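Residue numbers (the working numbering): -3 to 692.
Comments concern the structure below.
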Ligand SMILES: [Zn+2]
């Protein structure tokens, strides 16, 4: 998934690619999960722990497969989607001159990736030119051009997570200007690490120290695999950790990074030259073919001050070691079994608890979706997203937008002036449903059957250059940052769009054959969640045109912050399942938690209106003897039932702005009198919170 903006709020947790490079769903037959209220655990009370009540039986019946790090009711869909892609890839892979240009690309990409014996026979040969380039560097001045080269070479160089850019030294890309969203400017971001976030380098608890030790062992093994002696490899491992730790210390933390004001630092090229003179910025910008930018956004100036010091203080040899590691590490998933296995052992097994690798076909399907997603996505849409699905989900989006309109009109804590502005913003939101209006042109990407690593490098360079080329050009409003088969959704504050890929408009989130109560509980909540992001603690700072502009009166902003604080206090809590002493930071998850709470309210209002049109009410009995209100909440919980390995739970709590599923259900419903009404819960029971929070 390509995330190009600092504040882009999605639905699902998004584990770093480095961790999940090998991961996805199971290796069994694809099985779509369907809402089934007989799965409720009648030995428990819904008013005591609703998540357990709705999910306990499912959780017990669905242990995590060995090649997974978590398993949810959506995981069967993940495998189902991948199977559709696999069939398309296989059908295109025969070396037939009659293939279309798109079929040639996806088919040959697949063939090269699946050719394990060819990859084994080539050994480290595909990597050697990159190692030679680094070895040939003669001076620190030459590092700049090598950085530009590395930024083209690997997927992720243009990516940003909530923590950093996943890129050696730093990240560079084109993004909409915060103050004038009609312009695209150059953006320079912190990066440089290979572990998922700065916390992994600087936390001093026992578990973190132990993980860093294992990281050292992993580095050493990888250096040995490319031919170094044990002693040299151990020394090089220490050098890499020293440099990455220094960069980690200089990074802005993920809570501070959530406030767009903190990352909106405009600088001229002259100021950037002064900030980090050790990098030859003119040479870098020329090498990445960046159009001249009116100004640049430097997300974390302190990071670049520190990088200046590091580049000055450390020797060329040390930096060559760091670059060698970056190349080896990032290329390893595309090379020999020994490299793939060692990479898996640390990044997926040690960091995320995954026991086994996915079969080869699943890794290749995922890589093809990442690298040629809109070529492959066309076939997915044809197969899996019929016009009826598009029509019904579009109607649901409109219904939930009407519910948001009514909610804004009805809240008591906003003045008419701010309400009017909020309605302008709501009316300005563009809905994107299923797939893009026109497909990306990959004709310049050269894909052959010869080298998986080279194909990945081609696709990566294409994507990097595509983002950089946006600088100083008109904004393309039709772009998506997720591919059509993706099981996720997002709000983009700078385009002011909500986006729902076809991949999530499937069971158990959306099902053509189910009644409205089930669909509004699952996909309706997702739609409401994305819509609410336009008005969460980040989204509310952007206006209808995507500009970072304060449209709130001071009094209304204060009222908002009080409500937001209620949410962030509520979600700051111990998470024993993720390890002793692990605590969720409600300031990090505030936006997502606000979106969950708002999303379910909006969806319930929309369901109520839909039922009214059919002459029914929420408390009428629906199928199976449950009321529509009960089915709505049960479907909501069911769509989040999950088993998660403790290593991953810890990773999520530390780095991810989404709360764990249990909180995404129990905290939300305990804030809602509408839930208490559904199941007859009384004050004093756990799912009835004395100090209930409500923003939207
Ligand atoms: Zn979200």
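For every residue, glycine included, the Cβ atom is placed at its ideal position computed from N, Cα and C.
Note that the structure is a prediction, hence the values are computed from the model and not measured.
Check your understanding: Does the count of Cβ pairs from the stretch 683 to 691 and the stretch 666 to 674 closer than 8 Å reach three?
Key -> Taking 8 Å as the limit for Cβ pairs, the verdict is that the stretch 666 to 674 does touch the stretch 683 to 691.
Check your understanding: Do the CB positions of residue 630 and residue 33 come within less than 8 Å of each other?
Key -> yes
Exercise for review: Return the residue from the list 105, 258, 278 that minimises the CA-CA distance to residue 267.
Suggested key: For the options 105, 258, 278, the alpha carbon positioned closest to that of residue 267 is the one of 278.
Check your understanding: Just checking my contact of residue 102 with residue 364 at CB under 8 Å: how many whole Å lie between their CB atoms?
Key -> 6 Å
Practice item. May I ask you to check if the CB of residue 591 is nearer than 7 Å to at least one heavy atom of ligand 3? Key: In the structure shown, ligand 3 is absent; the only ligands present are ligand 1.
Check your understanding: So residue 65 packs on residue 348, CB below 8 Å; how close in whole Å?
Key -> 4 Å
Review point. Does the separation of the CB atoms of residue 675 and residue 256 fall below 8 Å?
Key: no
Check your understanding: What is the C-beta distance between residue 527 and residue 385, in whole angstroms, given that I count them as a contact (C-beta under 8 Å)?
Key -> Rounded, the Cβ-Cβ distance is 20 Å, inconsistent with contact.
Review point. Quick one, which of 583, 273, 292 has its alpha-carbon nearest residue 260's?
Key: It is 292.
Exercise for review: Could you check which residue in 104, 69, 220 has the C-alpha nearest to that of residue 455?
Suggested key: The closest CA to that of residue 455, considering only 104, 69, 220, is found on 104.
Point to revise | residue 292: first and last residue of the uninterrupted alpha helix (DSSP H) it sits in | key: No alpha helix (DSSP H) contains residue 292, which is instead part of the beta strand (DSSP E) from 292 to 294.
Review point. Among residues of its own chain, excluding the 5 on either side of residue -3, which ones have a beta-carbon nearer than 6 Å to its beta-carbon?
Key: Summary for residue -3: the model assigns pLDDT 23, below 50, so the residue's position carries little reliability, and this model does not support an answer.
Check your understanding: What three-state label does DSSP hand residue 487 in the structure shown?
Key -> strand
Check your understanding: Can we say the stretch 53 to 67 touches the stretch 634 to 648, given the rule of at least three CB pairs closer than 8 Å?
Key -> yes
**Study point:** Inter-residue Cα distance where the pair is residue 509 and residue 679
**Key:** 37 Å
Review point. With distances taken from CA atoms, which of 470, 568, 595, 572 is nearest residue 583?
Key: 568
Review point. Which partner residues of residue 67 appear in the DSSP bridge assignment?
Key: 639
Check your understanding: What's the gap between the Cα of residue 392 and the Cα of residue 145?
Key -> 46 Å
Review point. Buried or exposed: where does residue 660 fall if 16 or more other Cβ atoms within 10 Å of its Cβ makes it buried?
Key: buried
Check your understanding: Does the beta-carbon of residue 282 have 16 or more other beta-carbons within 10 angstroms, so that it is buried, or is it exposed?
Key -> exposed
Review point. Taking residue 511 as the reference, which of 619, 374, 187, 435 has the closest Cα?
Key: 619
Check your understanding: For residue 361 versus residue 116, is the C-beta distance shorter than 8 Å?
Key -> no
Review point. Which residues in the same chain have their Cβ closer than 7 Å to the Cβ of residue 366, if we skip the five residues on either side of it in sequence?
Key: 151
Exercise for review: Could you pull out every residue in the same chain whose Cβ sits closer than 7 Å to the Cβ of residue 230, ignoring the five residues on either side in sequence?
Suggested key: 216
Review point. Could you give the distance in angstroms between the alpha-carbon of residue 317 and the alpha-carbon of residue 237?
Key: 11 Å
Exercise for review: Measure the CB-CB distance between residue 338 and residue 191 and report whether it falls below 8 Å.
Suggested key: no
Exercise for review: Find out if the Cβ-Cβ distance for the pair residue 662, residue 586 is shorter than 8 Å.
Suggested key: Contact: no.
Practice item. Return helix, strand or coil for residue 168, following the three-state DSSP convention. Key: strand
Review point. Where in the stretch 405 to 482 do unbroken runs of the beta strand (DSSP E), each at least 3 residues long, occur, reported from the N-terminal end onward?
Key: 426 to 430
Check your understanding: Would the beta-carbon of residue 547 fall within 8 Å of that of residue 374?
Key -> no
Check your understanding: From residue 412 to residue 692, what distance separates their C-alpha atoms?
Key -> If you draw a straight line from the Cα of residue 412 to the Cα of residue 692, it is about 16 Å long.
Check your understanding: Can you tell which of 531, 460, 467 has its C-alpha closest to the C-alpha of residue 414?
Key -> When only C-alpha atoms are compared, the closest one is 531.
Review point. In its own chain, which residues sit with a C-beta less than 6 Å from the C-beta of residue 21, not counting the 5 before and 5 after it?
Key: A caution first: residue 21 carries a pLDDT of 40, below 50, which makes its placement in the model unreliable, though a value can still be read off. Only 71, 74, 75 meet the Cβ criterion.
Practice item. Leaving out five residues on either side along the sequence, give the residues of the same chain with a beta carbon under 6 Å from the beta carbon of residue 672. Key: 684
Check your understanding: Can residue 650 and residue 193 be called in contact, C-beta distance under 8 Å?
Key -> Contact: yes.
Review point. In chain order, what residues of the same chain lie with their CB nearer than 8 Å to the CB of residue 428, ignoring the 5 residues before and after it?
Key: 476, 493, 494, 495, 496
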